[in-house]
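**Q** Residue numbers (the working numbering), protein chains in the order written: chain Y, 69 to 293; chain R, 69 to 293.
Number of protein chains: 2
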Amino acid sequence: MYGKFLVEGDKSVRELLHSVFKIDAIYGLSGWVERYHSQSFEMHAVSPAELAELSTHEQPDEVVAIASVPAPTDTKLSPSGLYIACDRLNDPGNAGTIIRIADWFGAGAVIFSENSVDVYNPKVVSSAKGSLFRIPVIYADLPGLLSDNNTLAVIGTYMDGESIYSTKLPASGILLIGNEANGIGEELAGMVSQRVSIPAFGKAESLNAGVATGILMSEWRRQLS
Amino acid sequence: MYGKFLVEGDKSVRELLHSVFKIDAIYGLSGWVERYHSQSFEMHAVSPAELAELSTHEQPDEVVAIASVPAPTDTKLSPSGLYIACDRLNDPGNAGTIIRIADWFGAGAVIFSENSVDVYNPKVVSSAKGSLFRIPVIYADLPGLLSDNNTLAVIGTYMDGESIYSTKLPASGILLIGNEANGIGEELAGMVSQRVSIPAFGKAESLNAGVATGILMSEWRRQLS
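Following this line, the structure appears as structure tokens:
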């Protein structure tokens, strides 16, 4: 289904109904279709067995929808915004979690390098919990996008970066998250204006990319608030 | 395999070798077994097909090990420690992520209510990335454990709690994380000494339990550092 993606489960589909996304069709159990019946959407009542065929979940949750991937968002960023950019992010769960974090902390968009995971993959859609329908997602050549928006500071996480507890974070900018295994790529490293780290107090080698993003966004908002 | 659990992949098995956990047997591809040969452990060279039979991963990573679940840890907590307790935590990925966060921020242990997910489940072992071998895990009747350790403050997260950016967190205590869908249970609510919240700046309804735990532990350490 080129240009289409699957949204699964009661909660996500209801958030989709209230979004600006174009919905192609909805397939729900008869109870669900009666409850949310609307003239605006093409809704089909299906049996539990038919729903199971359409769903990627072992235990489908009442309904799935087919939506259209939105047209690419403008890559000109606001000079006063807070953004998250991901360099070669691989894991669908991390991508969804990061989109949800962006929505919680009011980021302007999440930008993915072109070789990152596809955010319209059902696992990303699930883990984003509806935030995918509210937060603009941009796929871009990251070095190009950063140089087109070079008035924005770029914050990158490094093991030897300055502690986020003692460094002053900028009033606006782009938080750059590296690949899960290899961190921030070489081509991008030179475009990082501020190298930071999350202090460690134990023996873990690293934090999960989603958790690190949450900690960094929270500390950024704390300093600005 | 009652009392036994599976550890999968090169990195996790190597961390297991350096832990105090009892290892029953190791099954690795011949190259792995030659590389890490040791008199102290029973190591078996297996074919890729045999490894695939033993592994829960679609693409097994060189080796799996069978380890023994450790004897229960003492439930008497240190009055000066930082702890994480989870009330009916369901998701294996969240449990592993929280154990890894505990290891990063130097928590004394992670305590799970008895009806939480089994941390010796292969998905938890995977997502904990070796931290399961370093951080003590306690399964306990949570209300009983909290009242046995009632000199420790209990920090609970609530939508209407005081902002962690303006509240003063205690010098030691237990961070209590609620169930993914239902939050902190009623029986425990009365034992919470400090109700806090992570401020929201956007429209997401909630944060993932692992991400919330990371943000809270980071802010706690920041205030104490």
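Even glycine gets a Cβ: it sits at the ideal position worked out from N, Cα and C.
1. Measure the C-alpha to C-alpha separation of R:Asp142 and R:Ile206 and round it to an integer number of angstroms.
2. Just checking: is the beta-carbon of R:Asn276 within a distance shorter than 9 Å of some beta-carbon in chain Y?
3. What residues in the stretch 159-171 of chain Y bring their beta carbon closer than 8 Å to a beta carbon of chain R?
4. On a CA-only basis, which of Y:Asp155, Y:Ala120 and Y:Phe201 is nearest Y:Gly212? Give me that one, please.
5. Which runs of the alpha helix (DSSP H) fall wholly inside the stretch 119-201 of chain Y and span at least 4 residues, in chain order?
6. What does a CB cutoff of less than 7 Å around R:Lys90 pick up in its chain, not counting 5 residues either side in sequence?
7. Quick one: give me the first and last residue of the beta strand (DSSP E) that Y:Ala280 is part of.
8. Since Y:Ile206 sits in a beta bridge, which residues does DSSP pair it with?
9. Across which residues does DSSP place Y:Asn247 in a beta bridge pair?
10. For Y:Asp171, which residues in the same chain have their Cβ closer than 7 Å to its Cβ, ignoring the five residues on either side in sequence?
11. Please tell me whether R:Ser195 has its Cβ less than 9 Å away from any Cβ of chain Y.
12. Any C-beta of chain Y sitting closer than 9 Å to the C-beta of R:Ser293?
13. In whole angstroms, give me the CA-to-CA distance for R:Phe192 and Y:Ala93.
14. Decide if Y:Met227 is buried, meaning its Cβ has at least 16 other Cβ atoms within 10 Å, or exposed.
15. Based on the DSSP output, what are the partners of Y:Ala93 in its beta bridges?
16. Does the contact criterion of 3 or more C-beta pairs under 8 Å hold for the stretch 105-114 of chain R versus the stretch 168-187 of chain R?
17. Mind checking the stretch 169-192 of chain R against chain Y and listing, in chain order, the residues whose C-beta falls within less than 7 Å of any C-beta there?
18. Comparing the C-beta of Y:Gly198 with each C-beta of chain C, is any distance below 9 Å?
19. How about Y:Ala202: is its C-beta nearer than 9 Å to some C-beta of chain R?
20. Relative to the C-alpha of R:Leu243, which candidate in R:Glu255, R:Ala249 and R:Val264 has its C-alpha closest?
21. List the residues of chain Y that R:Lys271 touches, going by C-beta distances under 7 Å, in chain order.
22. Pairs of beta-carbons, one from the stretch 117-132 of chain R and one from the stretch 209-224 of chain R, closer than 8 Å: are there three or more?
23. Given R:Asn250, which residues of its chain have a CB within under 8 Å of its CB, disregarding the five upstream and five downstream residues?
24. If we define contact as Cβ-Cβ less than 9 Å, is Y:Tyr233 a contact residue for chain R?
25. Under three-state DSSP, which class holds R:Ala113?
26. Residues of chain R with CB closer than 7 Å to the CB of Y:Glu76, please, in chain order.
27. Starting from R:Val101, trace the beta strand (DSSP E) both ways and give me its first and last residue.
28. Within 9 Å (strictly less), CB to CB, does Y:Arg289 reach chain R?
29. Could you tell me which of Y:Leu84, Y:Ala257, Y:Gly77 and Y:Ser87 sits nearest to Y:Ser123, measuring between CA atoms?
30. Apart from the five residues on each side of it in sequence, which residues of its chain come closer than 8 Å, Cβ to Cβ, to Y:Phe180?
31. For my contact list, R:Ile232 and R:Glu182 are in at a C-beta cut-off of 8 Å; report their separation, rounded to the angstrom.
32. Residues of chain Y with CB under 9 Å from R:Ser215, in chain order?
33. Locate the beta strand (DSSP E) running through R:Val81, then write down its first and last residues.
34. At the 9 Å Cβ level, is R:Gly282 part of the contact set with chain Y, yes or no?
35. Write down the C-beta distance between R:Gly278 and Y:Asn276 rounded to the nearest angstrom, noting that I regard them as a contact closer than 8 Å.
36. To the nearest angstrom, report how far apart R:Phe173 and Y:Phe269 are at their CA atoms.
**A** With the given structure in hand:
1. 8 Å
2. yes
3. Gly161, Thr165, Arg168, Ile169, Ala170 and Asp171
4. Y:Asp155
5. 160-172 and 190-196
6. Ala135 and Ser136
7. Per DSSP, Y:Ala280 belongs to no beta strand (DSSP E); it is in the alpha helix (DSSP H), Ala277 to Leu292.
8. Y:Ile179
9. Y:Gly251
10. Ser199, Arg202 and Ile203
11. yes
12. yes
13. The sequence shown places Val at residue 192 of chain R, rather than the Phe named in the question. Between R:Val192 and Y:Ala93, the C-alpha separation is close to 36 Å.
14. exposed
15. Y:Ile134
16. no
17. Ile169, Asp171, Trp172, Phe173 and Gly174
18. This model lacks chain C altogether; the protein chains it does include are Y and R.
19. Per the sequence presented here, residue 202 of chain Y reads as Arg, with Ala not at that position. Yes - at least one Cβ of chain R is within 9 Å of the one on Y:Arg202.
20. R:Val264
21. Asp171 and Arg202
22. no
23. Arg156
24. yes
25. strand
26. None at all; the shortest Cβ gap to chain R is about 17 Å.
27. R:Val101 -> not in any beta strand (DSSP E); alpha helix (DSSP H) instead, spanning Ser98 to Arg103.
28. yes
29. Y:Gly77
30. Ala153, Cys154, Leu157, Ala163, Val187, Val205, Ile206, Tyr207 and Ala208
31. Incorrect: roughly 28 Å between the Cβ atoms, too far for contact.
32. The contacting residues do not exist; R:Ser215 stays about 28 Å from chain Y at best.
33. Where R:Val81 is concerned, there is no enclosing beta strand (DSSP E), although the alpha helix (DSSP H) it sits in stretches over Asp78 to Leu85.
34. yes
35. 7 Å
36. 5 Å
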